[in-house]
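In UniProt numbering, the protein residues as written are 1 to 112. Beta carbons are placed, not taken as given, at the ideal position from N, Cα and C, and that holds for glycine.
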Amino acid sequence: MKLVMAVIKPFKLDEVRDALTPLGVQGLTVTEVKGFGRQKGQTEIYRGAEYQVSFLPKLKIEVVVPAELADAVVEAISASARTGKIGDGKVFVLDVERALRIRTGEADTAAL
Numbered sequence: 001m002k003l004v005m006a007v008i009k010p011f012k013l014d015e016v017r018d019a020l021t022p023l024g025v026q027g028l029t030v031t032e033v034k035g036f037g038r039q040k041g042q043t044e045i046y047r048g049a050e051y052q053v054s055f056l057p058k059l060k061i062e063v064v065v066p067a068e069l070a071d072a073v074v075e076a077i078s079a080s081a082r083t084g085k086i087g088d089g090k091v092f093v094l095d096v097e098r099a100l101r102i103r104t105g106e107a108d109t110a111a112l
């Protein structure tokens, strides 16, 4: 099993979810986060004064999938979250040793 974790622009969430559904992804976790990368934040004007905003709002998506589905999920997220502009985000893939559905006791891929 693989944990696919992606940090994306907030307005891309619906497109990413729509791209994952046909692959059989049945659930995902979304967390509101703040961060910066190469774009180093942005400058905003408030009441006539200029301020540097160094942490930008992003969404972190986490989904655990069978290992054979991981590449397709990464490609779907990448294609649907891409705007071609700086700050589109990143995708990480990690190994998952074990999963357990608390309600039923199902384990590993059956728990997904």
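- The C-alpha of Leu100 is placed about 6 Å away from the C-alpha of Glu106.
- Per the coordinates, the alpha-carbon of Gln26 lies some 8 Å from the alpha-carbon of Leu112.
- Bounds of the alpha helix (DSSP H) holding Leu13 are 13 to 20.
- Short of 7 Å from the beta carbon of Ala76, and not among the five residues preceding or following it, lie these beta carbons of its own chain, in chain order: Ala19, Leu20, Leu23.
- In this structure Gly84 is exposed. Its beta-carbon is surrounded by fewer than 16 other beta-carbon atoms within 10 angstroms.
- Within its own chain, the residues whose Cβ lies closer than 8 Å to the Cβ of Arg17, once the five positions on either side in sequence are excluded, are Leu28, listed in chain order.
- Rounded to whole angstroms, the Cβ separation of Leu94 and Met5 is 7 Å, and the two are in contact under 8 Å.
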